[in-house]
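Engineer: The structure is given below, and queries will be raised subsequently.
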Amino acid sequence: MTDQTAALVADRELGSPAGRSTDRYPADPGPLDDLERRFGRLYSRQRLGIEEDHEARMAAPHRRSLRLRRWYRSPALVRRTLKLTGLYWWASRNAGRIQVRRHPIHLPALPAAFDGFTILQLSDLHVDISPAAMNRLAELLPQLNYDLCVLTGDYRGKTYGPCKATIEGMARIRANICGPVYAVLGNHDSLRMVPAFEEMNIRMLVNEAEPLMRDGQLLYLAGIDDAHFYRVDNIEKTALQIPHGALSILLSHTPEIYRQAAHAGFNLLLSGHTHGGQICLPGAIPLTLDSALPRRMGAGSWRYGRMTGYTSVGVGSSIVPARINCPPEITLHELRAAEGPAPSVRALAQVEGVEHTRQHQLAGKKNGHADRNIGDRQRQWAHTGEQRQQ
Ligand SMILES: [Fe+2]
150 MTDQTAALVA
160 DRELGSPAGR
170 STDRYPADPG
180 PLDDLERRFG
190 RLYSRQRLGI
200 EEDHEARMAA
210 PHRRSLRLRR
220 WYRSPALVRR
230 TLKLTGLYWW
240 ASRNAGRIQV
250 RRHPIHLPAL
260 PAAFDGFTIL
270 QLSDLHVDIS
280 PAAMNRLAEL
290 LPQLNYDLCV
300 LTGDYRGKTY
310 GPCKATIEGM
320 ARIRANICGP
330 VYAVLGNHDS
340 LRMVPAFEEM
350 NIRMLVNEAE
360 PLMRDGQLLY
370 LAGIDDAHFY
380 RVDNIEKTAL
390 QIPHGALSIL
400 LSHTPEIYRQ
410 AAHAGFNLLL
420 SGHTHGGQIC
430 LPGAIPLTLD
440 SALPRRMGAG
450 SWRYGRMTGY
460 TSVGVGSSIV
470 PARINCPPEI
480 TLHELRAAEG
490 PAPSVRALAQ
500 VEGVEHTRQH
510 QLAGKKNGHA
520 DRNIGDRQRQ
530 WAHTGEQRQQ
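Its first residue numbered 150, the sequence shown is counted upward by one per residue in this note's numbering.
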């Protein structure tokens, strides 16, 4: 992170005097201008406005009284309950015992060049409150082979407050990831993290799609903003950036948008958010998934219509760093060609002149150093961001 970016993050830290202006949009809105240029004025103001409302609500203790149905969101209560039952230290140790899951995905009409293509998925890192898991992750990452890494949201521990520790933790994780990294925001994340993430070569997909090219063949990687709390996801805008019939992968923090994703024609949905329940009964039965979706979609692989889905149980932990009957995971998805017709059911009109200048040339070599031109690519992102519709 450059000094300039660090200063930007510090200046705009939610909860800091500079960031808590009484004006919704401060008089010196330089970084906000950048976000508006990058993502459009309406979206940016919605996202940042809801963030400020949430921040204000959480800063007022009388307005965040514990509701019975949300008892499990109280760190003190969860910690005390685990200690009373004698499970706390065992559950804390479990939180650092990351499993590496290998998950083959058979996709009809997968371009031949992507047969065997491996995607490393890291979800729900919650880096600033999951020290044991982050230390173990740093040990595991150099041992893995993959072509591309995707991050499916929830980098911050809390849903509000400072972002500095999160960004510093993410910089340490990023240093252990080879090759290109794409990411989406979760319900714990602030839009203000985006400049710092992109500074460390993490390409944020905020209701955007980007073509990936390998040996002259294409597939599309798309990402939407959080659909769980902020609800500023825009699948329609995202899907319209993908040509009809192209194989497409959608990153969404929450799998709750499975119906919209499937009927927009996405072939694969990678998500997280549920933590698989995090505290589960024997048999990995979650007490809660904090999501509106069928339980079968709460963890691991599933299908809906012609779309394949995968819900990661996450690397880090939420509320307290503790897990029971639900070990943390990092996932290696290996794409495999399957027999059958092209699964795309996208009935949307193909956007004319899909922007191929941003397409990402991927080397055939795993864990390879396809990232040599990452600085140029970042400049391209900034350039194309300026051209996006406001
Ligand atoms: Fe999470």
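C-beta: ideal position from N, C-alpha, C; glycine also.
Tell me the residue span of the beta strand (DSSP E) that contains Arg-285.
Structural biologist: Premise fails: Arg-285 lies in the alpha helix (DSSP H), 280-289, not in any beta strand (DSSP E).
Engineer: Does the Cβ of Gly-447 lie closer than 7 Å to at least one heavy atom of ligand 1?
Structural biologist: Checking the Cβ of Gly-447 against ligand 1 gives no.
Engineer: What residues are listed by DSSP as bridge partners for Pro-360?
Structural biologist: Paired residues: Tyr-369.
Engineer: Would you please state the rounded distance, in angstroms, between the beta carbons of Ile-479 and Leu-269? I believe it to be under 8 Å.
Structural biologist: Their Cβ separation, rounded to whole angstroms, is 7 Å, which keeps Ile-479 and Leu-269 in contact under 8 Å.
Engineer: So Gly-306 packs on His-275, CB below 8 Å; how close in whole Å?
Structural biologist: Correct: roughly 5 Å between the Cβ atoms.
Engineer: I want to know whether the stretch 444-454 touches the stretch 223-237 - three or more CB-CB distances under 8 Å.
Structural biologist: In short, these stretches do not touch, since the Cβ pair count stays below three.
Engineer: If we ignore side chains and look at the alpha-carbon of each, how far apart do Asn-336 and Thr-230 end up?
Structural biologist: Their Cα atoms are separated by approximately 25 Å.
Engineer: Looking at the secondary structure, which residues open and close the alpha helix (DSSP H) in which Thr-230 lies?
Structural biologist: First-last of the alpha helix (DSSP H) with Thr-230: 224-233.
Engineer: Check whether the Cβ atoms of Leu-256 and Ala-410 sit closer than 8 Å, and answer yes or no.
Structural biologist: No. Outside cutoff.
Engineer: Which residues in the same chain as Arg-352 place their Cβ atom closer than 6 Å to its Cβ, once the five residues preceding and following it in sequence are excluded?
Structural biologist: For Arg-352, where only same-chain residues beyond five positions count, the Cβ hits under 6 Å are Tyr-331.
Engineer: Quick one: is the Cβ of Ser-450 within less than 7 Å of any heavy atom of ligand 1?
Structural biologist: Every heavy atom of ligand 1 is 7 Å or more from the Cβ of Ser-450, so no.
Engineer: Measuring straight from C-alpha to C-alpha, what distance separates Ala-208 and Val-381?
Structural biologist: Their backbone Cα atoms lie some 23 Å apart in a straight line.
Engineer: For Pro-477 and Ser-241, which I take to be in contact (beta-carbon distance under 8 Å), what is that distance rounded to the nearest angstrom?
Structural biologist: Wrong, their Cβ atoms sit about 12 Å apart, outside the cutoff.
Engineer: Measure the alpha-carbon distance for Leu-497 versus Ala-320 and round it to whole angstroms.
Structural biologist: Below a pLDDT of 50, predicted positions are generally treated as unreliable, and Leu-497, at 35, falls in that range; the measurement from the model is reported next regardless. In a straight line, the C-alpha of Leu-497 is about 38 Å away from that of Ala-320.
Engineer: Per DSSP, Thr-480 is paired with what?
Structural biologist: In DSSP, Thr-480 forms a bridge with Arg-250 and Gln-270.
Engineer: Which parts of the stretch 396-430 are runs of the alpha helix (DSSP H), unbroken and 4 residues or longer, counting only runs that do not cross its ends?
Structural biologist: With a minimum length of 4 residues, the continuous alpha helix (DSSP H) runs that stay inside the stretch 396-430 are 407-412.
Engineer: DSSP puts Arg-485 in a beta bridge; with which residues?
Structural biologist: DSSP, once it has assigned bridges, lists His-255 as partnering Arg-485.
Engineer: Short of 6 Å in beta carbon distance, which residues of its chain neighbour Met-349, apart from the five on each side in sequence? Order them along the chain.
Structural biologist: Around Met-349: Ala-320 and Arg-323.
Engineer: Checking the sheet assignment: what are the DSSP bridge partners for Ala-332?
Structural biologist: Per DSSP, Leu-300 and Met-353.
Engineer: Quick check: the stretch 448-468 against the stretch 419-437, are there 3 or more CB pairs under 8 Å?
Structural biologist: The stretch 448-468 is in contact with the stretch 419-437.
Engineer: Return yes when the C-beta of Gly-414 is under 7 Å from any heavy atom of ligand 1, and no when it is not.
Structural biologist: No, the Cβ of Gly-414 stays beyond 7 Å of every heavy atom of ligand 1.
Engineer: Rounded to whole angstroms, what is the Cα-Cα separation between Asn-325 and Leu-481?
Structural biologist: For Asn-325 and Leu-481, the distance between alpha carbons rounds to 16 Å.
Engineer: Is Ser-420 near ligand 1, going by C-beta to nearest heavy atom under 7 Å?
Structural biologist: No, ligand 1 has no heavy atom inside 7 Å of this Cβ.
Engineer: In three-state terms, what does DSSP make of Pro-344?
Structural biologist: Correct three-state label for Pro-344: helix.
Engineer: For Phe-266, which of Ser-279, Cys-298 and Ala-244 has the nearest alpha-carbon?
Structural biologist: Comparing Cα-Cα distances from Phe-266 to each of Ser-279, Cys-298 and Ala-244, the minimum goes to Cys-298.
Engineer: Around the C-beta of Arg-251, are 16 or more other C-beta atoms found within 10 angstroms, so that it is buried, or is it exposed?
Structural biologist: That one is exposed.
Engineer: Name the residue from Gln-366, Arg-246 and Asn-356 whose alpha carbon lies nearest to the alpha carbon of Ala-262.
Structural biologist: Ranking Gln-366, Arg-246 and Asn-356 by Cα distance to Ala-262 puts Gln-366 first.
Engineer: Once the 5 residues before and after Leu-184 are set aside, which same chain residues still bring their CB inside 8 Å of it?
Structural biologist: Answer for Leu-184: Ser-193, Leu-197, Leu-340, Arg-341, Val-343 and Pro-344, listed in chain order.
Engineer: Measuring straight from C-alpha to C-alpha, what distance separates Ile-391 and Tyr-369?
Structural biologist: Spanning the two alpha carbons is a distance of roughly 7 Å.
Engineer: What do you get for Leu-436, buried or exposed, if any count of 16 or more other CB atoms within 10 angstroms of its CB means buried?
Structural biologist: Exposed, because fewer than 16 other Cβ atoms sit within 10 Å of the Cβ of Leu-436.
Engineer: Pick from Met-362, Asn-383, Leu-400 and Phe-346: whose alpha carbon is nearest that of Gly-372?
Structural biologist: Cα-wise, what sits closest to Gly-372 is Leu-400.
Engineer: Less than 7 Å between the CB of Ser-461 and some heavy atom of ligand 1, yes or no?
Structural biologist: For ligand 1, not one heavy atom lies less than 7 Å from the Cβ of Ser-461.
Engineer: With DSSP as the reference, label Ile-473 as helix, strand or coil.
Structural biologist: Looking at Ile-473 - three-state DSSP - the assignment turns out to be strand.
Engineer: To the nearest angstrom, how far is it from the Cα of Glu-347 to the Cα of Ala-441?
Structural biologist: The straight-line gap from Cα to Cα measures roughly 31 Å.
Engineer: With distances taken from CA atoms, which of Thr-387, Ser-467, Arg-452 and Asn-383 is nearest Ser-223?
Structural biologist: With distances taken between Cα atoms, Ser-223 lies closest to Ser-467.
Engineer: Could you please give me the residues that DSSP links to Ser-450 through a beta bridge?
Structural biologist: Note: Ser-450 sits in a beta bridge opposite Tyr-459.
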